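Student: Count along the sequence shown from 1, then add 157; that gives the number in our numbering.
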Amino acid sequence: MKLSALSPKQLIEIDACTRCGECLKVCPVYTQKGEEEIDPRGKIQTFKSFIRSQYGLWAKIFGPKKLDEEKLKKFSEMVYRCTLCGECSVSCPVSIDAKHLWTALRETLVEMGHFPEAAKRMKANVLKAHNVSGDENEERTEWLEFLDELPNHQYQKEKAEVAFL
Numbered sequence: 158m159k160l161s162a163l164s165p166k167q168l169i170e171i172d173a174c175t176r177c178g179e180c181l182k183v184c185p186v187y188t189q190k191g192e193e194e195i196d197p198r199g200k201i202q203t204f205k206s207f208i209r210s211q212y213g214l215w216a217k218i219f220g221p222k223k224l225d226e227e228k229l230k231k232f233s234e235m236v237y238r239c240t241l242c243g244e245c246s247v248s249c250p251v252s253i254d255a256k257h258l259w260t261a262l263r264e265t266l267v268e269m270g271h272f273p274e275a276a277k278r279m280k281a282n283v284l285k286a287h288n289v290s291g292d293e294n295e296e297r298t299e300w301l302e303f304l305d306e307l308p309n310h311q312y313q314k315e316k317a318e319v320a321f322l
């Protein structure tokens, strides 16, 4: 496990978590699901255990442990369920910038090959059809036909200011 996506500040923040649980009160995903692994505190503790198994004292003496692929998969699911609303960052008494921490953790997980199937499909669609839906570029605005009222802005311009890649 490489930690290159995490800044020194983020590594300190992971260690600084006091497990107070203030983040649980404001996390919309935890409020809905109620799973300890999904809340900010649970994700930090799980990631901290991964770090210790790779870089902790026992890892220095006996070598790093092989990471459990099932635990990594479950952890990845929990990290990607986060809406990145940032409420946990606002409520944290030790000022952990969790929103940016989750983004860095996602980057780390992607480097390890752990990310949602939907993201894999979107990547394949972009490479194939040059858009996330995988639809032909000429057909991307067909959904507008099903709207009762068209948006006020022009959705088809001769010279658009935005390029869809």
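Each residue gets a CB set at the ideal place from its N, CA and C atoms; glycine is no exception. Only a predicted model underlies this, so the values are computations on that prediction, with no experimental measurement involved.
Since His271 contacts Leu229 with CB under 8 Å, what's their CB separation in whole angstroms?
Tutor: For the purposes of this step, residue 271 is identified with residue 114 of the sequence shown, where counting begins at 1. For the purposes of this step, residue 229 is identified with residue 72 of the sequence shown, where counting begins at 1. Right, the Cβ-Cβ distance comes to about 5 Å (below 8 Å), so this counts as a contact.
Student: Tell me the DSSP secondary structure of Thr233 in three-state form.
Tutor: Position 76 of the sequence shown, counted from the first residue, corresponds to residue 233. For the sequence presented, residue 233 should be read as Ser rather than Thr. Looking at Ser233 - three-state DSSP - the assignment turns out to be helix.
Student: Alpha carbon to alpha carbon, what distance is there between Ile201 and Glu296?
Tutor: Stepping through the sequence shown from its first residue, residue 296 is reached at position 139. Stepping through the sequence shown from its first residue, residue 201 is reached at position 44. Cα to Cα, Glu296 sits roughly 43 Å from Ile201.
Student: From what residue to what residue does the alpha helix (DSSP H) around Ala162 run?
Tutor: In the sequence shown, the residue the question calls residue 162 occupies position 5. No alpha helix (DSSP H) contains Ala162, which DSSP labels as neither H nor E.
Student: For the segment 220 to 292, list the alpha helix (DSSP H) runs that are entirely contained and at least 4 residues long, ordered along the chain.
Tutor: Counting only runs of 4 or more, we get 226 to 238, 244 to 248, 255 to 268 and 274 to 286.
Student: Can you check which of these residues, Glu193, Ala216 and Ile169, is closest to Cys180 by C-alpha distance?
Tutor: As a first step, residue 180 is located in the sequence shown; it is residue number 23 there, counting from the start. Residue Glu193 is the option with its Cα nearest to Cys180.
Student: What do you reckon, are the CB atoms on Ala255 and Cys245 nearer than 7 Å?
Tutor: As a first step, residue 255 must be located in the sequence shown, where it is residue number 98. As a first step, residue 245 must be located in the sequence shown, where it is residue number 88. Yes. Within cutoff.
Student: Report the residue from Glu268, Leu284, Glu293 and Ile218 whose alpha carbon sits nearest the alpha carbon of Ala162.
Tutor: Sequence index remark: in the sequence shown, residue 162 carries index 5 (1-based). It is Glu268 whose Cα lies nearest to the Cα of Ala162.
Student: Following the continuous alpha helix (DSSP H) through Cys180, name the residue where it begins and the one where it ends.
Tutor: Your numbering for residue 180 matches position 23 in the sequence shown. Its alpha helix (DSSP H) spans residues Glu179 to Val183.
Student: Return the first residue and the last residue of the alpha helix (DSSP H) that Thr203 is part of.
Tutor: In the sequence shown, counting from the first residue as 1, residue 203 sits at position 46. Residues Pro197 to Tyr212.
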